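Inspection log for the structure reproduced underneath, given as structure tokens.
2 protein chains.
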Amino acid sequence: MDKVFRYIDDHAEEFVERLRNLLHQPSVAAQSLGMEPCAQKVRAMLEGIGAKTQLLPTDGFPVVYGELSGQGAKTLSFYNHYDVQPAEPFELWQSDPWAAEIRDGKLYARGASDNKGDLTARICALEAYQKVMGALPLNLKFIIEGEEEIGSPSLGKFAEQNRKLIQADACVWEFGGKDLADRPTISLGLKGICYVELRVKSTIADAHSSIAAIVPNAAWRLTWALSTLKDKNEKVLIKGFYGKVRTPHKKEVDALRSLGFDEAGNKKKYGIKHFVKKLKGTALLRKLYYEPTCTICGISSGYSGTGPKTVLPAEAMAKIDFRLVPDQSPAETVKLLKAHLKKHGFDDLEVIPLNGEHPARTPIDEPLAQIVAKTAQQIYEKKPVVQPTSPASGPMYMLCQKFGIPAVSTGIGYAHSNGHAPNENIRVNDFIAGIKHIAMVVHEYGQRA
Amino acid sequence: MDKVFRYIDDHAEEFVERLRNLLHQPSVAAQSLGMEPCAQKVRAMLEGIGAKTQLLPTDGFPVVYGELSGQGAKTLSFYNHYDVQPAEPFELWQSDPWAAEIRDGKLYARGASDNKGDLTARICALEAYQKVMGALPLNLKFIIEGEEEIGSPSLGKFAEQNRKLIQADACVWEFGGKDLADRPTISLGLKGICYVELRVKSTIADAHSSIAAIVPNAAWRLTWALSTLKDKNEKVLIKGFYGKVRTPHKKEVDALRSLGFDEAGNKKKYGIKHFVKKLKGTALLRKLYYEPTCTICGISSGYSGTGPKTVLPAEAMAKIDFRLVPDQSPAETVKLLKAHLKKHGFDDLEVIPLNGEHPARTPIDEPLAQIVAKTAQQIYEKKPVVQPTSPASGPMYMLCQKFGIPAVSTGIGYAHSNGHAPNENIRVNDFIAGIKHIAMVVHEYGQRA
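Here the protein sequences come in this chain order: V and X. The first sequence begins at 107 in the working numbering and counts up by one. The second sequence begins at 107 in the working numbering and counts up by one.
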């Protein structure tokens, strides 16, 4: 593989520019911003390495699909996405989120780590492999969707309708990175998600707040309703919410100890004195990996500008994100939430589901998992961390687990990549190393076949 | 007075244009928007009717002061303000809030009713009176401040430092209007106010919401804290909050019955099925006039744009407006609030007082009150409603009550003026009638002297 690595080093500058070019293109699915041009750019990148491509329609934004035939019988798929999170709040970025500025060896852009960096690294890896080694040792498929950041609402139906296209022996999942100790981290599962918007409208229009003595207030209705969902001890109070949560086996709990989670480093990273409930050790990691969450992602009501405005708000809105663990389901979570609000007298709150995904897990003895871990150790010269699941979510169930395809997640991020946040970034060296890692994974998985 | 009325009718169009000209000038104290040019415009309007004017500095925006000498010994003052509420949310306005568009006999603009309409009506009344009758029958003072909508933070000190300038036998307070039955409404007092911003910061920056399993969430901290302030039965839970609330005398409760509050009409106006706690009758009016409030005027945290964004918000903010009744005070309210938050474990919430005003009351037998009511009946041909207090707030205590000056509030608004809300408006006919009313008040109060 040395020749492949040399090719990658020789073309490093060109590969970084290829990534920057993709990052210049906004592609925010939540805001329908730049999606079509971004899909075309990605398709052209795949064509550039010789893939046969299709832009496959879905009920939402299209899937960019690509195939590369190789010599072996095995088929490996890459799942990635070309959409990114909204870049707001813009004022907290040190440089334009679409400028893809490089400072001190770091590339800053919305989507740099999630997920255009990984997508580009995989494309570059296949270019390098083919240029140096000729044919690939297996067949490769790219499934690149445009709705991951809004919960992949169309991907489940797409997968059902394109079973043959998506079928593979294993799937390299979209993302991954290094922890605070710079150890490569590999994930074998994802939490599910149930994301809802709560809306309440109490009066025809905003009014002078002096009348608030006798006229209902949407902001208070929302506040009272939210406060019934979770208590100060982080316990979700929705009846039945924990009913289908699997208690982890001893083996699964023991696995947490080997993760070497850096509590002090993580506290410093987030600028906090304590984790919630002052948790530490195994209890902290059980909460992170095996327990579901209920998170307010946003609230808005009335006036939030400068100075005082004495207004009685007519409307209030909150966005809530439940992260689910096996065997919870998004549909049941919505049902339980609605029943809870009704029971507590909050019939006036509208529940608008914005996305839902099942949790998913891949067995620890899956061959792809072992190859990804072994090659990561060779590339990064550190023992990798294998997580039983990521605390994040994605459509792994609907695209892989449901069809018997094992999925393993690995990528080029690091502990300060600021995914979903201002100043998202990757280290340029991680990007180059990630290209080599993927080239090795393809090579080894191909040998095995 | 017929000749004065004829002058007003003959100049109606010109007076309306004078008001529109003033409304074109934004003057949002909360946003430091257009304040200086607006003060200059108001000063020029006073000069235009022969007043000796001064632009008096304060710690904030200046007070426009004007004097007109007349023949009697008595002195009447007018208290008004040239600042207005922010116009946001702009998208809910049917026409530009600064365009002062007239549709169906109504003039739509931010400040039309609160308070540029009243200010202009008073100036026009004095012009008409002088043009027709010659000298005024008393001395007149205009005290026009620029910070009423942000709680008059500089007016108390200004009044202390300019005791001689502000001294008067009585004061016509800034605002008033008609109720749903179109009866002119006169107020003899104001609630106090304590307006605070609550802020909490839980992490260095927004983060990916998957980590919310173990990292504190500013939006939850704020939600939990707010839910301890007031319960679903509208009871404020802050210890000591009701301690200094005066229980109304039987006479004061009886006075509520004569108000003829239109419950059905008000429910329709706000688009509500019930008032809070399903209150009605005297209990409803006691709450409106004699009880303090705790109102969320705004909340903001995290992402509130389109679609889902899975973010753990670093910061959260709420604006809270307490309306106070005798003998509550804003400073004590802040103290009680801080103690409450500390007691409930919310030391992480910052309390930022944005304004504070004491409640104030004028005795019902004050001569100016009787003159304002009598003349209102003559102008509007309806028996006026005399409220023991307005449910709204203002600096009546610091400018009048503290110096023994009785104040009576009357004005040109109506039940759908939408004060502090989108599509604020006045009826043009009310504006013209209001000019006549003020001319009569000046005449009668002058006769009495």
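Just so you know, even glycine gets a beta-carbon here, dropped at the ideal spot from N, CA and C. Every value quoted in this text rests on a predicted model; they were computed, and no experiment measured them.
Chain X contacts made by the stretch 238-271 of chain V, where a contact means CB separation under 9 Å: The stretch 238-271 of chain V vs chain X, Cβ under 9 Å: GLU255, ILE256 and GLY257.
Just the Cα atoms here: how many angstroms apart are ARG209/V and ILE256/V? ARG209/V and ILE256/V: Cα-Cα distance of roughly 30 Å.
My parser needs the beta strand (DSSP E) runs of 3 or more residues fully inside the stretch 472-552 of chain V; what are they? 491-493, 496-499, 513-515 and 531-533
Is it buried or exposed, ASP220/V, if we count other Cβ atoms within 10 angstroms and call 16 or more buried? Classification for ASP220/V: buried.
Mapping the DSSP letters down to three states, classify GLU397/X as helix, strand or coil. coil
Could you check the C-alpha separation between ASN372/V and PRO436/X for me, to the nearest Å? 42 Å
May I have the straight-line CA-CA distance separating LEU233/V from GLN200/V, to the nearest angstrom? What sits at residue 233/V in the sequence shown is Glu, not Leu. Going from the Cα of GLU233/V to the Cα of GLN200/V covers about 33 Å.
Round the Cβ separation of GLU397/X and ALA313/V to the nearest angstrom and send it over; I've been treating them as touching at under 8 Å. Taking a contact as a CB-CB distance under 8 Å, the pair GLU397/X and ALA313/V does not count as one, their CB atoms being some 18 Å apart.
When we look at the beta-carbon of GLY282/X and count the other beta-carbons within 10 Å, is it buried (16 or more) or exposed? buried
Listed from N- to C-terminal order along the chain, which residues in the stretch 359-381 of chain X have their beta-carbon within a distance smaller than 7 Å of any beta-carbon of chain V? Under the 7 Å Cβ criterion, the stretch 359-381 of chain X contributes TYR376, GLY377, ILE378 and PHE381.
When Cβ atoms are compared, which residues of the stretch 175-204 of chain X fall closer than 9 Å to chain V? GLN191, PRO192, GLU194, PRO195 and LEU198
Start and end of the alpha helix (DSSP H) containing PHE121/X? 118-129
Assigned secondary structure, HIS446/X (DSSP; H/G/I helix, E/B strand, else coil): helix
At the level of alpha carbons, what is the spacing between ARG289/V and GLN137/V? 35 Å
Does the Cβ of ALA482/V have 16 or more other Cβ atoms within 10 Å, making it buried, or fewer, making it exposed? Buried, by the Cβ-count rule.
Taking 9 Å as the threshold (beta carbon to beta carbon), is LYS449/V in contact with chain X? no
Can you look up LEU362/V in the DSSP assignment and give me helix, strand or coil? Note: LEU362/V maps to helix in three-state DSSP.
Report the three-state DSSP secondary structure of SER260/V (helix, strand or coil). coil
Mind checking if THR353/V is an interface residue toward chain X, Cβ cutoff 9 Å exclusive? no
Would ASN524/V pass as an interface residue toward chain X - the criterion being a Cβ-Cβ separation below 9 Å? yes
Are the beta-carbon atoms belonging to PHE367/X and LEU391/X less than 9 Å from one another? yes
Drop a sphere of 10 angstroms on the beta-carbon of SER566/V, count the other beta-carbons inside from all chains shown, and report buried for 16 or more, exposed for fewer. What is shown of chain V runs 107 to 555, which leaves residue 566/V out entirely.
Strand pairing of CYS300/X, partner residues [DSSP]: PHE428/X and GLY462/X
Straight-line gap, THR353/X to THR388/X (C-alpha atoms, nearest Å): 14 Å
Figure out for me which residue from SER407/V, ILE310/V, VAL190/V and TYR171/V has the closest Cα to the Cα of LYS415/X. VAL190/V
Tell me, which residues are paired with GLY408/X by DSSP? According to DSSP, which records beta bridges pairwise, GLY408/X is partnered with GLY404/V.
DSSP three-state call for ALA181/X: helix, strand or coil? Note on residue identity: the sequence assigns Thr, not Ala, to residue 181/X. The answer is strand: DSSP assigns THR181/X an E or B state.
Rounded to a whole number of angstroms, what is the C-alpha to C-alpha distance between ALA276/X and ARG327/V? When rounded, the distance between both Cα atoms is 43 Å.
So what does DSSP say about GLU567/V, is it helix, strand or coil? Chain V is shown from 107 up to 555; residue 567/V falls before or after that span and cannot be answered.
Grab the span of the beta strand (DSSP E) containing SER293/X for me, first residue to last. 290-293
Pull the bridge partners of ILE250/V from the DSSP assignment, please. VAL170/V and ASN186/V
Please classify SER499/X as buried or exposed, where buried requires at least 16 neighbouring CB atoms within 10 angstroms. buried
Determine the DSSP secondary structure at VAL110/X, reduced to helix, strand or coil. helix
Contacts that PRO168/X makes with chain V (C-beta to C-beta distance below 7 Å): What PRO168/X touches in chain V: nothing, since even the nearest Cβ is about 18 Å away.
Under the three-state DSSP convention, the category ARG228/V falls into: helix
ILE569/X versus chain V: which residues are under 8 Å apart at the beta carbon? Nothing in the structure corresponds to residue 569/X, since chain X is present only between 107 and 555.
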